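Each remark here refers to the structure printed beneath this line.
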Amino acid sequence: MMAKITWNLANGSIISAEVADGMNLMNAAVANNVAGVVGECGGCLSCATCHVYVDEDWTDRAGKPGDIEDAMLEITEAPKTEFSRLSCQVIVSPALDGLVLIVPQG
6 MMAKITWNLA NGSIISAEVA DGMNLMNAAV ANNVAGVVGE CGGCLSCATC HVYVDEDWTD
66 RAGKPGDIED AMLEITEAPK TEFSRLSCQV IVSPALDGLV LIVPQG
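Just so you know, we're using our numbering here: the sequence shown kicks off at 6 and counts up by one.
Shown next as structure tokens:
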């Protein structure tokens, strides 16, 4: 199965892609050349360079950050908000089909 994921970039451009279930959103962003999502640590939850904001309509389905992720969100370049997630920790599933993410300006 595939889910359509949309990234709204800080410069106003939009990237949408079909992403396979089970893939994390950081890998999906890197594979689709989403500027502003770097993933320096490769998804090991140790760099916070894959910070995104989940669109408000999707926060319940995307879930809340775990304790370690929440601590890492304190060191992101862009301000942490109630919608912040590290995209390496969000796994694509059918429930996320149509998900919209906002990539903060770094």
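Quick reminder that beta carbons are idealized off the backbone N, C-alpha and C, glycines included. As the structure is a prediction and not an experimental result, all values here were calculated from the model.
| Query | Result |
| --- | --- |
| Do you know whose CA, among Asn29, Ser92, Leu104 and Asp102, lies nearest Gly41's CA? | Ser92 |
| Give the straight-line distance between the Cα atoms of Leu50 and Val108, rounded to the nearest whole angstrom. | 18 Å |
| Give me the Cα-Cα distance between Ile96 and Met28, rounded to the nearest whole angstrom. | 6 Å |
| Which same chain residues end up closer than 7 Å to Val43 when comparing Cβ atoms and leaving out the 5 residues on each side of it in sequence? | Thr54 and Cys55 |
| Quick one: which unbroken alpha helix (DSSP H) runs of 4-plus residues sit fully inside the region 16-96? Chain order, please. | 30-36, 64-67 and 72-77 |
| Look at Val39 and Trp12 and say whether their C-beta atoms are less than 7 Å apart. | yes |
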